[in-house]
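Trainee:
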Amino acid sequence: MAIVSFRFDSGGEPMSSDGADARLRLERPVEIAVTPARLERGLWVLVAFSLIGDIATTFVGLHLGLTESNPVANSAIDGYGLAGMLALKAAAVGVGLACRPLLPRPYRAIVPAGLALPWTVATMLNLALIATVV
């Protein structure tokens, strides 16, 4: 059972703790069934969002004068622009999809997690860098 306590300010008067704080009791815990298949599906959605976020923030940062720190991505962008970046991302997803069947079914969520984690971190770092120049 979870207990959530709330305190309300009376508008400038000192607050007392004479047992007057409201308590909300959740009688039944909230249960969410997370099967390996559902987890993997959710992680693939995260892959899609993080991929889009990384690409978008990378090109916004480049437009603002920042540089790509990954030498492989930098070469692909310098040589082929957006198409080069998309090809790199497609290759990463392709390797993940090719390796996925090699894993036991309950562990297949590691593939989208392994793609989403660095792209999500890259998106966050890109946003922080963009914030410093805007």
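134 is the number that the UniProt record's numbering gives to position 134 of the sequence shown; each next residue is one higher, with no gaps.
Idealized CB from N, CA, C, for every residue including glycine.
1. Consult DSSP for Arg-108 and reduce its assignment to one of helix, strand or coil.
2. Tell me, to the nearest whole angstrom, how far the beta carbon of Asp-54 is from that of Thr-123; I am working on the premise that it is less than 8 Å.
3. Taking Cβ to Cβ, would you say Glu-31 is nearer than 8 Å to Ala-109?
4. Exposed or buried, which one is Leu-103 when buried takes at least 16 other CB atoms within 10 Å?
5. Out of curiosity, what's the CA-to-CA distance linking Asp-78 and Pro-29?
6. Consult DSSP for Thr-123 and reduce its assignment to one of helix, strand or coil.
7. At which residue ranges does the segment 77 to 106 contain complete beta strand (DSSP E) runs of 3 or more residues, listed in the order of the chain?
8. Quick check: what's the CA-CA separation for Leu-43 versus Ala-98?
9. What three-state label does DSSP hand Asp-47 in the structure shown?
Mentor: Per the coordinate set shown:
1. Residue state, collapsed to three classes: coil.
2. So it is a contact: roughly 5 Å between Cβ atoms.
3. No; because the gap between Cβ atoms is not below 8 Å, this pair is not in contact.
4. The residue is exposed, with fewer than 16 neighbouring Cβ atoms inside 10 Å.
5. Here the alpha carbon of Asp-78 sits roughly 53 Å from the alpha carbon of Pro-29.
6. Correct three-state label for Thr-123: helix.
7. The segment 77 to 106 contains no whole beta strand (DSSP E) run of 3 or more residues.
8. The C-alpha of Ala-98 is placed about 17 Å away from the C-alpha of Leu-43.
9. Going by the sequence as given, residue 47 is Val instead of Asp. Val-47: helix per DSSP, three-state reduction.
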